[in-house]
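One structure is given here, and the rest of the page talks about it.
Residue numbers (my numbering): 302 to 483.
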């Protein structure tokens with residue numbers, strides 16, 4: 302696992318704010334992407350893993366790329382020195398399933414927010430069944446299961462942080478386009 306921290310101060314000043322940026326996405330495709338803002342306003346946050354799972358904190362860098370931080374064990378916390386406008390996602394370290402932080406998919410560091418409570422989302426029965434099957438069956442054996450054909454593709458479509466970032470970017474872009482601000 303690669304552990305990367307925020308780039309040095311001064312690098313990337315004037316980058317796009319959280320939300321769709323005007324430039325290329327992390328894959329260079331030109332689509333809008335979520336990215337952290339490079340500010341110097343410290344935002345000390347306690348990441349509280351309130352879930353029974355090991356959690357992988359993921360910082361979205363100034364280019365919209367995910368950067369993994371050390372895993373948080375179940376029911377533990379860690380003080381993080383982040384900065385206003387930095388974006389964070391949290392994943393199950395074993396399955397890569399998305400987790401919630403303060404009841405949202407995305408955490409935006411701010412000086413007035415000093416806790417980030419990480420919890421399990423309410424998975425649909427289908428999502429939970431897919432998780433269990435993935436944990437019990439090797440990917441090469443999915444198609445040997447006696448199940449409906451459409452479930453093969455869903456089993457093979459493992460959780461992916463880049464796909465989630467792209468989806469969140471598109472949702473944010475759509476929200477802004479419709480003039481609906483949270």
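Ideal Cβ placement from N, Cα and C applies to all residues, glycine included. These numbers come from a predicted model, not from an experiment.
Buried or exposed by the 16-neighbour rule on C-beta atoms within 10 Å, applied to residue i
{"i": "residue 349", "result": "buried"}
{"i": "residue 380", "result": "exposed"}
{"i": "residue 362", "result": "buried"}
{"i": "residue 465", "result": "buried"}
{"i": "residue 441", "result": "exposed"}
{"i": "residue 391", "result": "buried"}
Distance, residue j Cα to residue i Cα
{"i": "residue 413", "j": "residue 407", "result": "16 Å"}
{"i": "residue 324", "j": "residue 370", "result": "In this prediction, residue 324 has a pLDDT of 42, which is less than 50 and means its spatial position is unreliable; nothing more can be read from the coordinates."}
{"i": "residue 478", "j": "residue 469", "result": "14 Å"}
{"i": "residue 378", "j": "residue 452", "result": "37 Å"}
{"i": "residue 389", "j": "residue 352", "result": "17 Å"}
{"i": "residue 337", "j": "residue 385", "result": "9 Å"}
{"i": "residue 347", "j": "residue 434", "result": "34 Å"}
{"i": "residue 405", "j": "residue 430", "result": "23 Å"}
{"i": "residue 418", "j": "residue 356", "result": "11 Å"}
{"i": "residue 335", "j": "residue 364", "result": "8 Å"}
{"i": "residue 480", "j": "residue 375", "result": "39 Å"}
{"i": "residue 432", "j": "residue 424", "result": "10 Å"}
Cβ-Cβ distance between residue i and residue j below 8 Å
{"i": "residue 443", "j": "residue 456", "result": "yes"}
{"i": "residue 415", "j": "residue 345", "result": "yes"}
{"i": "residue 343", "j": "residue 382", "result": "yes"}
{"i": "residue 394", "j": "residue 359", "result": "no"}
{"i": "residue 397", "j": "residue 460", "result": "yes"}
Cβ distance (whole Å) where residue i is taken to contact residue j below 8 Å
{"i": "residue 400", "j": "residue 367", "result": "Contact doesn't hold; Cβ gap of about 14 Å is too wide."}
Beta-ladder partner(s) of residue i, from DSSP
{"i": "residue 405", "result": "402"}
{"i": "residue 367", "result": "361"}
{"i": "residue 416", "result": "347"}
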